[in-house]
Amino acid sequence: MGGVPEEVRSLKGELQETLANFDRRWTEMLADRGTGEQDETVRELEAKLRRLEEELSAAEQDRIALETELEVVRNRAAELLDMLSEQRRQMAEERSHWSGELKRLRRLMEVLLDRQIDTGAPDDYEAAGQARPRVVGYEEQERTRAAASGGAVDPVLESVSAQFEILQKDLSRRRRNNTG
Numbered sequence: 002m003g004g005v006p007e008e009v010r011s012l013k014g015e016l017q018e019t020l021a022n023f024d025r026r027w028t029e030m031l032a033d034r035g036t037g038e039q040d041e042t043v044r045e046l047e048a049k050l051r052r053l054e055e056e057l058s059a060a061e062q063d064r065i066a067l068e069t070e071l072e073v074v075r076n077r078a079a080e081l082l083d084m085l086s087e088q089r090r091q092m093a094e095e096r097s098h099w100s101g102e103l104k105r106l107r108r109l110m111e112v113l114l115d116r117q118i119d120t121g122a123p124d125d126y127e128a129a130g131q132a133r134p135r136v137v138g139y140e141e142q143e144r145t146r147a148a149a150s151g152g153a154v155d156p157v158l159e160s161v162s163a164q165f166e167i168l169q170k171d172l173s174r175r176r177r178n179n180t181g
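For the sequence shown, the working numbering assigns the number 2 to the initial residue and increments by one for each residue that follows.
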């Protein structure tokens with residue numbers, strides 16, 4: 002990238018020098034009109050001038066093409082950075098969502114397990130020679146949160162709890178029918 006502007010400057014300098022030489026020689030030629038050698042020199046200088054102008058034009062076109070390509074690459078890099086930041090934001094949002102869901106499920110399981118233990122027959126644990134299990138969970142925190150939120154109840158949690166209680170009652174009834 003750095004070589005093209007220097008090449009353009011170099012070609013411009015060479016072009017200006019050639020033009021100055023051309024003007025000087027043209028003036029000399031006009032003063033000495035009529036010699037064939039001067040005509041040959043003029044043709045050589047004109048050919049060199051055309052070649053330098055073509056090289057300068059090609060170098061300018063290369064510079065413009067490279068600047069355009071650089072701009073395209075910069076724009077694409079900016080788009081990719083925007084996409085990356087959006088994906089990171091979405092990932093953080095999803096992580097937060099699923100973390101909340103897992104906390105709610107954990108609380109639900111603790112509440113349901115605590116209810117199962119509370120409603121379970123004490124004979125089941127004593128017959129197995131085990132102490133009654135104790136669940137330390139979020140039940141107290143749930144009451145505090147419900148009070149803080151104005152007693153708002155989560156309908157999904159209530160529905161799942163009700164279904165779990167029905168299953169527990171059904172399981173207890175089946176056990177009693179099988180043993181009795």
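Glycine included, every Cβ here is placed at the ideal spot set by N, Cα and C.
Suppose contacts are defined by Cβ-Cβ distances below 7 angstroms. Is L50 in contact with T19 by that definition?
Result yes, Cβ atoms of L50 and T19 sit closer than 7 angstroms.
So, L85 versus L57, is the Cβ gap smaller than 7 angstroms?
no
What does the Cβ neighbour count give for V112, buried or exposed, with the cut at 16 atoms within 10 Å?
buried
Can you give the beta carbon distance from A60 to V9, rounded, assuming they're within the 8 angstroms contact cut?
5 angstroms
Between the C-alpha atoms of K170 and Q164, what's the straight-line distance to the nearest angstrom?
10 angstroms
CA-CA distance, R105 and A78?
40 angstroms
Between the beta-carbon of L158 and the beta-carbon of L109, is there less than 7 angstroms?
In contact: L158 and L109 (Cβ atoms closer than 7 angstroms).
To the nearest angstrom, how far is the alpha carbon of E29 from that of E7?
33 angstroms
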